[in-house]
Amino acid sequence: MKLTLRQLRYALAVARHGGISAAAERLNVSQPAVSAAIGELEEILGQALFVRARGSGMTTTPFGRQALAQARRTMEAAMALEGLADGAASLAGELALGCFEDLAPYCLPPLLSALRERHPSLRVEPRECGFDLIGPQLLQGGLDAAISYDLALPPALALTELRTLAPHALLAADHPLARGEQVSLRELCEWPLLLTEQAYSGAHFLDLLRMHGLRPARLETVRSLELQRGMVAHGLGVAIAYTRPSGDHSYDGRPLALRPIADPLPTQRIVLACLRERTDTPAIAALRELAQGWFAARPEFGVGAPGNAG
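Have a look at this one:
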């Protein structure tokens, strides 16, 4: 055989890290070594695996996605065989795990800790991502799996539901609307509405208002979830949100109030996403089991619980 595991490993690293330089740095080898391996592999297979674009790294071709999917299965089988020879009882290899940036600070650390404890030979690379990157990265091979809201995810992905959430109003603790047990969308629209600039997020919350024929009196945007929470806590606006970080306070310690929304609104799912052909691989199966257990044990992530998401 002309194919080698080294060639496959280098090609997978290029797909995962988006370029030869980044892959070489991660592999601790020279860039020419990675470039040569890719050239050899493309010559053997007779087609290009990557499209090289100046300033935007490398992306896989349609043939490359198919070939690298097979390469990934080959590498996983080789690692399983090596583990069998070594008598390893736990998983080994690598797992690139993406997470939507608002969820990452709350669920990634405990999940990474649990994975390391249960499978110390499994190397997990965590990445915080926006909605606009998660789907493409999963399709291109940059990510093996991702935890995200079910928003803007390609239909080609397999999704495992982890929790279902209802949107809630996020208010300053001394805000007039916080005096009631619930808040209507019409009441929220009378105040400045704070949205985050994350891709698809603001549009999603505006769509919730349009469902009821409403528009906010004033609209402002911020970059991050925590800045949104801080501005709300200081009475600079209101927000509609999903998940609830531990502790209803802004970074500077000001209290927040979370109230159910009186109007009927669709729920949103937190999901574990991966390619359909990878859903039953040992590493993703182990991650799925841990993620389902973690979210099930968090009452603040339940339907009807106060929440906040950017």
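Each residue of the sequence shown is one higher than the one before, starting from 113 at the first, in this note's numbering.
Even glycine gets a Cβ: it sits at the ideal position worked out from N, Cα and C.
8 Å CB neighbourhood of residue i in its chain, flanking five on each side removed
i: Ala183; result: Leu120, Ala123, Leu124
i: Tyr218; result: Thr355, Pro357, Ser358
i: Thr171; result: Gly130, Phe162, Val163, Ala165, Gln252
i: Pro372; result: Ala278, His280, Ala281, Glu293, Gln294, Val295, Gly416, Pro418
Unbroken beta strand (DSSP E) run spanning residue i, endpoints
i: Val146; result: That residue, Val146, is in no beta strand (DSSP E); its alpha helix (DSSP H) goes 143 to 157.
i: Leu387; result: 380 to 387
i: Ala353; result: 351 to 353
Sequence-distant residues of its chain with Cβ nearer than 7 Å to residue i (five each side left out)
i: Ser133; result: Gln143
i: Glu302; result: Ala329
i: Leu250; result: Ala258, Leu269, Ala385, Cys386, Leu387
i: Arg128; result: Ala208, Gly253, Gly254
i: Gly240; result: One point to set straight first is that residue 240 is Glu, not Gly, in the sequence displayed. Same-chain partners within the cutoff: Cys211, Glu213, Ala216.
i: Arg298; result: Leu326
i: Leu203; result: His231, Ser233, Leu234, Pro394, Ala395, Ala398
Residue range of the alpha helix (DSSP H) that includes residue i
i: Arg335; result: Taken as a continuous stretch (DSSP letters only), Arg335 belongs to no alpha helix (DSSP H), as it is neither H nor E.
i: Ala258; result: First-last for Ala258: 257 to 261, but that is the beta strand (DSSP E), not the alpha helix (DSSP H).
i: His306; result: The sequence shown places Leu at residue 306, rather than the His named in the question. Segment 304 to 308 is the beta strand (DSSP E) holding Leu306; no alpha helix (DSSP H) there.
i: Pro394; result: 394 to 408
i: Gly314; result: 313 to 322
i: Leu117; result: 117 to 129
Bridge partners - residue i, DSSP secondary structure assignment
i: Val236; result: Leu207
i: Pro372; result: His280
i: Arg164; result: Met170
i: Phe212; result: Cys241
i: Ala270; result: Cys386
i: Pro367; result: His361
Close Cβ partners of residue i (< 6 Å) along its chain, the five nearest in sequence each way excluded
i: Lys114; result: Ile156
i: Leu320; result: Leu377
Next item on the list: State whether the segment 343 to 354 contacts the segment 232 to 240, with contact taken as three or more CB pairs (one from each stretch) at a distance under 8 Å.
Entry: no
Notebook entry, point to check: So does the segment 283 to 292 actually touch the segment 311 to 325, counting three or more Cβ pairs closer than 8 Å?
Noted result: no
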